[in-house]
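Protein chains in written order, with our numbering: chain A, 1 to 427; chain B, 428 to 854; chain C, 855 to 1281; chain D, 1282 to 1708.
Where a beta carbon is used, it is the ideal one built from N, C-alpha and C, also for glycine.
Being a predicted model, the structure only gives us computed values, none of them experimental.
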């Protein structure tokens, strides 16, 4: 359930125009991200955690058809009645759905048919908006649908990266992207975090997902937060110090995971002729030690922090430092599609480059209650077994994230642009 | 290793012309079979046993490039040096290869690039043939390559059928194909099989795979072979008699398999509103009780035979009856793409419609020795754990099979057009 | 790492006597719990999560040999040098060890040999204590060893229960135990929980495990806590209302778990002739609706709470209500070996009967740092992926638990005596 | 279904006495083999393929109770009605049974109770025999039961060996057994096998299992059979020649198996300090190069034969050479419990030391029909997916096997005493 922005509750022609503009922009952006990929590329599911890009194009369309058109369009009929079953992701209340691990088997409808569906739904949503008959609640759902589609834009990039990485040809998604800069990283500074009673969570002004609220009080002990993300060079020092071979650095489940999977480096690192190479959305190239390390699991982030004599921040600690800071970092709009070396910002990379694992398990805030109905399944039912990540990444659309934004993944997940920001107790 | 036909050892312009004609025809036939499928359809691997159609198009091309061009073309260079790794199937002697279950992840090279590769190899093989410089042994390998490609033509159909069946839309490969005929099946007659000392196996005249020889003597007790395949209606009677619930009818491993997989009917049978429906390459339609049952495992064929008071034939029994009989049955050239009701032939369906499980484990004939080198891996190394099937199917190219032809699959395999012909001891 | 009690730091004859008494009592208690089980019963590991009872007898002995005798006994030599490998549980710093899932294969040493080892270690530890030469730190480790052994006493009961439950004969561990009382449960009352800034965690007086501290401040919103555990009758109403069939009641991972495992009732519930029967340590008998439900996973506890219009407490909420309350509840010393119907206590069952799932993920308290060395592995490395349970159970030795005690298990675990206490936000 | 010996059909006091003697001897022998093992040793199932020794003691007793007493004893009542469920192995016609992989969880009934059951059944069977009222068919079943129990005697040894091998202490079953002799192996000679029309299979005189008949004609091409088994030294040469690293030596399924399991030597071979050590029923000791290699899978036997320029014999070839030869080889009655170096016999080791893999898949002979009823499940339903082994082993009771005896295991099975005898085509 979204926490609608005030804008979403406005009405009148200006509001409609703004909605139509935002809708067009987000929908177009998704298609632009898919454009470098062939129909074959967009068809394949490279692992159960990932989805085919065609599926993302279809599922985001289903979201608008099912949650915006169906309850609001007079005489509604679906573009194709079978698509609800095929492209519902996990909404039990909406009905049964195609099993997640089998999404890649759906060679029909074709990409062309999915694009026709997109056009049809775009036209009909626009008609609803232009007609001005979109009720308040539907405007809120429309806004949720746009934020939802932005989340899938990020997944288009991370899922395509995973697929291309499985190909021995190591093809580039966007040749020329993700180049090394030659710049060095600034020294890591420790920013003081306030102790005492603080407030965290979204205050209701502007859009936020339901899991970001209610805003509430939390007591913090004094702490410090690192001014930038851990770099590849720093992580390499951990590896060279036997990081992946020293059980004392790892959580029990982490030690089990690295042995089970045979991990001895972040995902997409490859040793070639004695040097480390990196697979990026621009293809394979040498490791740049100044760039932030990413594609690490929670276990690796935690072990690195222990090795470094520090720890991961809690999500509350992260938020109270980041909330007042200036947004900084590479986003998808920069079309670099890879984390960049930290710049001079006081709190660098807090709004881009790579998501930052926190030591906080993903759980409901005090007083949290999901909405009734299907949209209540958006966030709440995942609040077990996952860890919170904060910030944003080089694959996140600009403006999508916020200081209160709570991303979440399972501890062993590595295919997102997930990195490390350190914290420590105040002396 | 092929057992080359005499034609393969001929030389001169007529032989070259014939070779060129055969080569063109087989290569074109593969592409025609792939044509109804989109690039997306041809991309996906629906299970580890199956391969993407694009992969079949590429692998058959690799076979000619690697085994015909490489050793015979002056100044040979591969079309793309990386394709050898990607499209080698199981030839250890040629080098490492992409893991079989991951074939569907190869979205690059694209279908278009594979088709360019096909054209390049076709042109170069033709140049070799036309130049008349193809040595004897290479002519034999060329003939093997054509028979190899025909085997993959059958897999194009069975693998595509499996993929399309996984789609809840149940799309047709060829709308209009596989229609029910309304004809009834002729009564089953028992043909007498000779006892005594007989000869089986290929005698070396014309092409055969190496596993079909040497021709050798075998002693048989008198037996009888059914004049046609078991029909869907007959199989339905077995099911209605509790066939899948009576442990006494099953081999131990078969009983375990049907419980593990939850099988209670052949593959592609679906119960809809109380009636049985069938998924075919022409889409879903009602079951025709007069058609041969197919897509059954060895276990189901064996259990049915036990229920019917009969047994499966040995491959030798099958061969001595089929060898002198007239070839009969639906093949891929009929473009029906589904088994048809038996006709009036004395030994119906012995050269088409559905492969016929025998009770013979796939093993080397006395005196069998695979060739040295990579082509020795063609057949011999699979001689453990599989059962022999005889005949041919509605997906087999006409003229591909022979009475001595030995097809082989694992006992639980069901995605081939595999059916049942009964045998029994003479009274 | 233990947080030693002041007593552990005392010295002199009185302290030695007290230590010797406590040591003897705990060691004897373990053997008394094992006594009803035959050597065969004590040999078997019924699942990877459980251990053989013989292994518990040996591992607790290894703990004293390795952590108390080895560093303190002059001229120390192990009873058997191979036992360190066999009976180390998870201490990476001590060295490699026998794989956990294979513990049940160790038919040698025999139970008799393990009992000889116990006697030898008992004798030698007593000699150390009596000699008065036990340094402070060793006295702390001794106390830790006793608390460690008490934890394994609980596992002896839960692991034996699991083993016996796998036997179709449903044998009793202690015939006559776990009888139904015929009493009714008192009505559930809601106790007010204080909001505001509170302190939680162990304050260092008396023994505690390291994960219980440091004591620290937490801000709580006002809430209410149930006066007793959820009963079997109440849980049955949830089941009869379709609890296991309504996806809206479950976390995503919980819904997946109940479908994967086919759960439709708590562990050890069996439907016989239309009525619910329970397997207990006293054998099988009818369900008593007034008793606390137990052997539920976190997922089931969470779903039940949602169905009941309530939620699970956080561990902080639980602690601030329980800390000042009178300890109440059935423990192992009562030899009932099953949760009993709640009595009249203001906060019933807060120190016995069944562990109580909280909604708190098991994580380090602010400022927590595990000790250096092997004993630092005791608790800290498990702080990921598990949920905190509070209270104690009918299998916990009396006096072992505390209001600050943090038990932890994985969300799907059910073989512990784990039950449900509800909480809700203050109106 | 047994093929009863003529003796089984005799009657009169002498026949009764002989039956009573045989019954007592076989039953006593089983208990003698179990005697060196503690109740704990006899309790554990070390893998799904193996069974606890206590289970073997119970299951063989169930066989007599169910198949001899139940149909013949007036007023029959089972010793314990629950034991039928617990100790039926795989007879679907008798009723449901405890799942095979969970046999090790049955700590009740205790070993003592099982021994009481044995005594009770022994007493009652003896009463039947002595009373002279055992009808012909029951005498045949009694004889089958004795041969059945002898098969389980062999499994007591092989299953106990597997269990003890899993223990890092490597305990001996019988200290002093399985010692190396210091003798050398005689040179391998090639014995000529007759070509032409031969007869194989049991002729009905004396006891045989149903799968050994009917006797029937087979045509063989001329061949040669090795005079003795392959030795450890010869196998070591294969290993040192890269046997486990050369894909060209292996069947496809064998190559997959050795990579999946990480096999690089026979089961129970351990490399210690650069030399090969062997785990035997007498404990661990150095490899003796003159002894027969055993505990190899079919895949290893087949690969070795290919490396050696030979092949495995068919079961028919094996039988026509072995049938007229003098029985030779170490059996369980020798209490060596390990294969011994070949002696001077013309066809050494054909009736002991190690079972010999043949290249014949286990299949029914022409005209084979299992009996009606439960005993028809004895052999027939396993005739798929397994390979025939001939001969006997050092764990087979003397007199149990015959030249027509067909043992059968799955290609990857290694825990039996399975070795290699080579064959080759006649020049």
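For residue 1215(C), the chain A residues whose C-beta falls within less than 8 Å of its own C-beta are 361, 363, listed in chain order.
Chain-ordered listing is empty here: chain A has no CB closer than 7 Å to the CB of residue 528(B), the nearest sitting near 11 Å. Neighbours of residue 1364(D) in chain B, taken as residues at a C-beta separation under 9 Å, are lacking, since the least C-beta distance is about 21 Å. Bridge partners of residue 1341(D) according to DSSP: none are assigned.
Close partners of residue 894(C) in chain D (Cβ separation under 7 Å): 1320, 1321, 1324, 1388, 1391, 1392. Three or more Cβ pairs drawn from the segment 1235-1248 of chain C and the segment 1195-1213 of chain C lie within less than 8 Å of each other, which places the two stretches in contact.
When 622(B), 714(B), 655(B) are compared, the shortest CA-CA separation from residue 646(B) is found for 622(B). A contact is defined here as three or more CB-CB pairs under 8 Å, and the segment 1686-1695 of chain D meets this definition with respect to the segment 1658-1671 of chain D. No Cβ of chain B is located within less than 7 Å of the beta carbon of residue 1372(D). Between residue 404(A) and residue 319(A) a beta carbon distance of about 6 Å is seen, short of the 8 Å cut, so the two are scored as contacting. Under the Cβ criterion of 7 Å, residue 389(A) is not counted among the residues facing chain B. Annotated three-state conformation of residue 724(B) is coil, per DSSP. With respect to residue 401(A), residue 281(A) sits apart: the two C-beta atoms are not nearer than 7 Å. With 16 or more other CB atoms across the displayed protein chains lying within 10 angstroms of its CB, residue 67(A) is buried.
Around residue 77(A), no beta-carbon contact reaches into chain C at under 8 Å, the shortest distance being about 27 Å.
In the DSSP assignment, residue 619(B) falls outside any alpha helix (DSSP H) and within the unbroken beta strand (DSSP E) covering 617-620. Of 338(A), 107(A), 128(A), the smallest CA-CA separation from residue 175(A) is found for 338(A).
For residue 624(B), the enclosing beta strand (DSSP E) starts and ends at 623-627.
At a Cβ-Cβ threshold of 7 Å, residue 185(A) and residue 35(A) do not count as neighbours. For residue 1659(D), the closest C-alpha among the options 1440(D), 1426(D), 1566(D) is that of 1426(D).
At a cut-off of 3 residues, the continuous stretches assigned as beta strand (DSSP E) that sit fully inside the segment 671-757 of chain B are 696-699, 702-707, 710-713.
Counting only runs of 4+ residues, the alpha helix (DSSP H) found wholly inside the segment 1384-1447 of chain D occupies 1392-1411, 1417-1446, in chain order.
Contacts with chain B at 7 Å (Cβ-Cβ) include residue 1647(D).
When rounded, the separation of the alpha-carbon atoms in residue 82(A) and residue 606(B) is 25 Å. The shortest CA-to-CA distance from residue 125(A) to any of 62(A), 88(A), 158(A) is the one to 62(A). Taking all protein chains shown into account, residue 919(C) has 16 or more neighbouring C-beta atoms within 10 Å of its C-beta and is therefore buried.
Below the 9 Å Cβ cutoff, chain B contributes no neighbours of residue 66(A), its closest Cβ being approximately 17 Å away. The continuous alpha helix (DSSP H) containing residue 39(A) extends over residues 39-43. DSSP lists 1471(D) as the bridge partner or partners of residue 1507(D). At a cut-off of 7 Å, the C-beta of residue 890(C) has no neighbouring C-beta in chain D. Within the model, the alpha-carbon separation for residue 1116(C) versus residue 1544(D) is close to 37 Å. Here the alpha carbon of residue 1372(D) sits roughly 15 Å from the alpha carbon of residue 1422(D). At least one CB atom of chain D sits nearer than 7 Å to the CB of residue 900(C). Proximity of chain A to residue 525(B) at the Cβ level (cut-off 7 Å) is accounted for by 168, in chain order. Contact residues of the segment 170-186 of chain A toward chain B are 171 (C-beta to C-beta distance below 7 Å). According to the DSSP assignment, residue 817(B) belongs to the beta strand (DSSP E) that extends over 814-817.
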